[in-house]
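Numbering (numbering that gives the first Met the number 0), first residue to last: 0 to 700.
From the three backbone atoms N, C-alpha and C, an ideal C-beta is built for every residue, glycine too.
Remember, predicted model here, so these are calculated numbers, not experimental data.
Everything on this sheet refers to the single structure shown next.
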Amino acid sequence: MFEKRMEEIFSTEKLSAYMGEDEAKDLNEKLITGKYIPDVLKRINIPKNEHETRPIAVSSQKDKVIQRVLYEELNEFFDPMFSNRSYGYRPNKGTIRAIKRVKDYIKRKYFYVYRSDFDNFFETIDHNRLINLLDIYIDDKRIIRLIGQYLQNGLFEKKYIDHTQGVHQGDVLSPLLSNIYLHQFDMYLEREGVEFVRFADDFVLFFKTAQNDETVEKIDAFVQTLGLSLEKEKSYFSDINRGFSFLGCYFEHREVLIEKDNFEKKLKEIRELKKYGFEEALKKAKDKYEGLHRYYGPLLSSKWQLNVIKNAVIEVLEEILTEEFKEKKKKDFEKFRNFEIKDINIKRLIESAYEMYKSKKELIPREKISRQKRKTVKNLIKSSVISIHEYGVSLGVAKNKITVKQKGKITKTFPKSQIKRVIINSKGVSISSAFIHMCVKNDISIEFIDYAYNPYALIVSMNMAYPKTAVKQLEILNSPKRLEFAREFVKSKLKNQRSYIRYLNKYHKNLKTETEQLNKTILKLQKAKSVEELMGYEGSGANIYWSAIGKVLKEEGFKRITKGAKDKINSALNYGYALLYSKVKFALIKAGLGVNISFLHALDKKPVLVFDFIEEFRTFVVDRAVVFAFNKSDDIDVDNAGRLTKNAKRRIIEEVNERLSSFQTYNGKKLSVEDIIQQQAYALSRAINEDTKYKSFTARF
Numbered sequence: 000m001f002e003k004r005m006e007e008i009f010s011t012e013k014l015s016a017y018m019g020e021d022e023a024k025d026l027n028e029k030l031i032t033g034k035y036i037p038d039v040l041k042r043i044n045i046p047k048n049e050h051e052t053r054p055i056a057v058s059s060q061k062d063k064v065i066q067r068v069l070y071e072e073l074n075e076f077f078d079p080m081f082s083n084r085s086y087g088y089r090p091n092k093g094t095i096r097a098i099k100r101v102k103d104y105i106k107r108k109y110f111y112v113y114r115s116d117f118d119n120f121f122e123t124i125d126h127n128r129l130i131n132l133l134d135i136y137i138d139d140k141r142i143i144r145l146i147g148q149y150l151q152n153g154l155f156e157k158k159y160i161d162h163t164q165g166v167h168q169g170d171v172l173s174p175l176l177s178n179i180y181l182h183q184f185d186m187y188l189e190r191e192g193v194e195f196v197r198f199a200d201d202f203v204l205f206f207k208t209a210q211n212d213e214t215v216e217k218i219d220a221f222v223q224t225l226g227l228s229l230e231k232e233k234s235y236f237s238d239i240n241r242g243f244s245f246l247g248c249y250f251e252h253r254e255v256l257i258e259k260d261n262f263e264k265k266l267k268e269i270r271e272l273k274k275y276g277f278e279e280a281l282k283k284a285k286d287k288y289e290g291l292h293r294y295y296g297p298l299l300s301s302k303w304q305l306n307v308i309k310n311a312v313i314e315v316l317e318e319i320l321t322e323e324f325k326e327k328k329k330k331d332f333e334k335f336r337n338f339e340i341k342d343i344n345i346k347r348l349i350e351s352a353y354e355m356y357k358s359k360k361e362l363i364p365r366e367k368i369s370r371q372k373r374k375t376v377k378n379l380i381k382s383s384v385i386s387i388h389e390y391g392v393s394l395g396v397a398k399n400k401i402t403v404k405q406k407g408k409i410t411k412t413f414p415k416s417q418i419k420r421v422i423i424n425s426k427g428v429s430i431s432s433a434f435i436h437m438c439v440k441n442d443i444s445i446e447f448i449d450y451a452y453n454p455y456a457l458i459v460s461m462n463m464a465y466p467k468t469a470v471k472q473l474e475i476l477n478s479p480k481r482l483e484f485a486r487e488f489v490k491s492k493l494k495n496q497r498s499y500i501r502y503l504n505k506y507h508k509n510l511k512t513e514t515e516q517l518n519k520t521i522l523k524l525q526k527a528k529s530v531e532e533l534m535g536y537e538g539s540g541a542n543i544y545w546s547a548i549g550k551v552l553k554e555e556g557f558k559r560i561t562k563g564a565k566d567k568i569n570s571a572l573n574y575g576y577a578l579l580y581s582k583v584k585f586a587l588i589k590a591g592l593g594v595n596i597s598f599l600h601a602l603d604k605k606p607v608l609v610f611d612f613i614e615e616f617r618t619f620v621v622d623r624a625v626v627f628a629f630n631k632s633d634d635i636d637v638d639n640a641g642r643l644t645k646n647a648k649r650r651i652i653e654e655v656n657e658r659l660s661s662f663q664t665y666n667g668k669k670l671s672v673e674d675i676i677q678q679q680a681y682a683l684s685r686a687i688n689e690d691t692k693y694k695s696f697t698a699r700f
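Here it is in structure tokens:
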């Protein structure tokens with residue numbers, strides 16, 4: 000029972016902290032004697048979205064003080080009794096903790112959800128029910144009467160408008176009163192054993208099994224006893240394969256992304272900074288981007304959306320600068336060189352914008368700028384991969400950094416935030432348990448490749464296991480869907496090979512025949528009636544393709560050798576495929592797929608699904624990287640034993656990772672190829688679990 004009296008809550012001393020002593024005495028007397036009457040509210044409308052506004056009630060300064068004092072006293076009493084699954088408008092709770100709680104449920108295999116909220120909740124709270132609830136807990140009836148006055152206080156908008164239901168959005172007391180009202184809902188769910196996360200009127204229910212219609216029907220019936228109703232248009236069943244939205248985030252598989260509409264809105268806000276001058280745009284960009292990073296940074300599974308927003312900030316600021324250079328000199332922007340925005344080098348941005356301005360003004364060939372950007376990207380990529388080729392190296396962690404030791408001495412250190420992959424291509428390499436734990440926690444893959452360029456191990460988190468999809472895969476092996484999936488993999492491979500040959504023909508002018516032959520082979524795919532027939536077309540297409548690559552590399556009669564290759568071209572290709580193989584396998588495991596169950600290759604102890612899925616990306620990532628490396632440098636070579644040299648391996652890693660980091664348009668968005676691989680793995684998992692059509696990836700060269 001809340002036993003504090005009006006005299007104690009609204010003492011003159013407390014009120015004096017907000018107003019003059021005489022005014023505090025007068026207000027104290029009116030509150031205690033019940034003579035106080037709240038001032039009439041004013042209404043303002045704030046934007047809710049592009050098409051709607053939200054009405055907000057504005058109290059007088061005096062009423063804000065009274066409500067603040069009362070809120071602090073009541074919240075101290077009520078908050079400890081609230082459910083720990085309620086996160087809205089509560090101290091030490093909030094959206095970030097709510098989202099982390101959702102992630103925890105998914106981690107604990109609550110894969111099925113019901114997403115909903117209350118229809119027009121704040122405007123439909125029943126005053127009598129709320130007053131009766133308060134009466135259960137609050138001893139001093141004067142406090143309840145005062146709260147009732149605030150609930151029923153009308154507002155003036157051209158004329159006086161009575162307030163007969165709901166709480167005023169904008170009142171200090173309203174969030175607490177809404178949580179008190181919905182405490183009944185929370186207690187009901189807990190009694191029924193339903194797991195949930197609620198934030199104000201927004202909530203998600205979690206289940207370990209499907210088919211929860213009856214449970215939700217009972218919940219809906221209970222909600223009606225509170226005088227409320229669920230928002231039917233926003234309510235739906237889902238699971239982690241199909242995904243669901245909550246508090247601005249989108250949860251799909253084990254990934255957390257910025258919800259699509261919210262993401263587009265943030266990008267639009269960034270683009271609208273073009274209407275400001277550089278100095279103002281710089282400050283606003285810092286606030287917006289760093290605010291998003293603070294909120295979403297700890298939550299997102301992948302940082303690609305934040306990178307897209309960062310690139311949008313850079314693009315907008317460069318565009319503004321390029322225009323301002325027409326009126327101002329470069330030295331006018333010296334004062335901004337030390338301005339700090341997270342992950343954005345303003346000094347480099349100014350230089351880049353100035354180069355863009357000069358290229359337009361002096362007609363400098365854009366190739367010169369492109370080469371410089373390419374060089375910058377390469378340097379960034381080099382620093383994101385640790386590649387170990389030497390015997391006797393040990394990897395560990397010290398002061399939150401990755402350490403590389405040889406003969407007991409630290410030879411290199413890397414910030415963990417910089418590294419994406421660790422590739423071990425040598426014997427006698429030791430790794431500590433602390434190093435493995437740090438890599439797994441930070442989504443850094445540890446990949447092992449033998450001297451014959453065969454990937455033989457990949458260390459991943461145990462949380463990635465999800466056997467349900469594997470069962471579905473086994474079912475598909477004996478259904479017509481198997482041929483459908485297999486056809487997509489082969490079609491993607493041949494189409495990408497054809498596109499690459501077309502691209503190369505622009506420069507070599509001798510590949511028209513091979514392009515036409517691949518066209519004919521692709522047309523035959525639709526008529527294939529078995530996986531074996533598809534494999535036959537894949538083989539004939541491969542012969543045509545590698546014949547064309549041999550011409551480009553001036554290796555007439557070139558033959559593709561997968562095992563035991565000693566020549567530098569096949570060795571380079573095999574090593575590149577090993578690098579891509581680990582990336583692909585990591586993506587498939589993360590998407591919860593059974594990597595030993597294939598649609599194109601025979602069921603095997605080997606991870607044969609990787610052999611299927613990798614076909615979509617071989618040409619764009621590896622073939623293109625190797626051909627480019629051979630045409631542009633003499634780095635690629637083998638030693639006397641027919642093994643790639645250390646310089647050759649480093650160059651291939653660099654080129655492969657550059658292509659993984661390059662951007663392609665994917666479902667209307669610009670994504671890195673690395674992110675596309677992961678998204679395609681999720682798409683494959685969805686197609687398997689939901690029995691829908693799978694669309695393979697076709698690259699643009």
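Sheet register partners of residue i (DSSP bridge)
i: Gln663; result: Leu670
i: Arg251; result: Looking at the sequence shown, residue 251 is not Arg but Glu. DSSP, once it has assigned bridges, lists Glu254 as partnering Glu251.
i: Asp201; result: Asp116 and Phe198
i: Ser228; result: DSSP lists no partner for Ser228.
i: Ala456; result: Phe447
i: Leu643; result: Val637
i: Ile387; result: Ile423
i: Ser429; result: Ser393
Continuous beta strand (DSSP E) stretch holding residue i: start and end
i: Tyr111; result: Tyr111 to Asp116
i: Thr208; result: Run containing Thr208: none; DSSP gives neither H nor E here.
i: Gln723; result: The chain is shown from 0 up to 700; residue 723 falls before or after that span and cannot be answered.
i: Glu446; result: Ser444 to Ile448
i: Tyr104; result: Element bounds for Tyr104: not the beta strand (DSSP E) but the alpha helix (DSSP H), Thr94 to Lys106.
i: Ile435; result: No beta strand (DSSP E) contains Ile435, which is instead part of the alpha helix (DSSP H) from Ser432 to Lys440.
i: Ile418; result: Neither: Ile418 is in no beta strand (DSSP E) and is coded neither H nor E.
Simplified DSSP assignment, three categories, for residue i
i: Leu522; result: helix
i: Lys692; result: coil
i: Leu602; result: coil
i: Glu366; result: Residue confidence is low: Glu366 scores 48 on pLDDT, short of 50, so the model does not pin down where it sits. Its coordinate-derived value is still stated next. Three-state DSSP puts Glu366 in a helix.
i: Asn424; result: coil
i: Ile687; result: helix
i: Gly395; result: strand
i: Lys408; result: strand
i: Phe77; result: helix
i: Phe488; result: helix
i: Asp638; result: coil
i: Tyr235; result: strand
i: Ile36; result: coil
i: Phe1; result: strand
i: Phe243; result: strand
i: Ser15; result: helix
i: Ser351; result: helix
C-alpha gap between residue i and residue j, whole angstroms
i: Phe184; j: Leu227; result: 11 Å
i: Lys287; j: Asp260; result: 17 Å
i: Ile43; j: Gln60; result: 16 Å
i: Gln164; j: Asn119; result: 11 Å
i: Phe110; j: Asp674; result: 23 Å
i: Lys282; j: Ala220; result: 50 Å
i: Ile146; j: Glu230; result: 28 Å
i: Gly563; j: Asp449; result: 12 Å
i: Ala199; j: Ala628; result: 57 Å
i: Glu354; j: Asn337; result: 19 Å
i: Gly19; j: Glu279; result: 40 Å
i: Lys406; j: Gly391; result: 7 Å
Segment limits, alpha helix (DSSP H) that includes residue i
i: Asn477; result: Neither: Asn477 is in no alpha helix (DSSP H) and is coded neither H nor E.
i: Tyr275; result: Counting along the chain, Tyr275 falls outside any alpha helix (DSSP H), and DSSP gives it neither H nor E.
i: Leu266; result: Lys259 to Arg270
Checklist entry - What runs of the alpha helix (DSSP H), each 4 residues or longer, lie entirely inside the segment 122-179? => result 126-136 and 140-151
Checklist entry - For the segment 545-633, which segments carrying the alpha helix (DSSP H) assignment without a break, of at least 4 residues, lie completely within its bounds, in sequence order? => result 567-589, 607-612 and 623-631
Item to check | Sequence ranges, alpha helix (DSSP H) only - wholly within the segment 300-345, length at least 4 | outcome: 303-323
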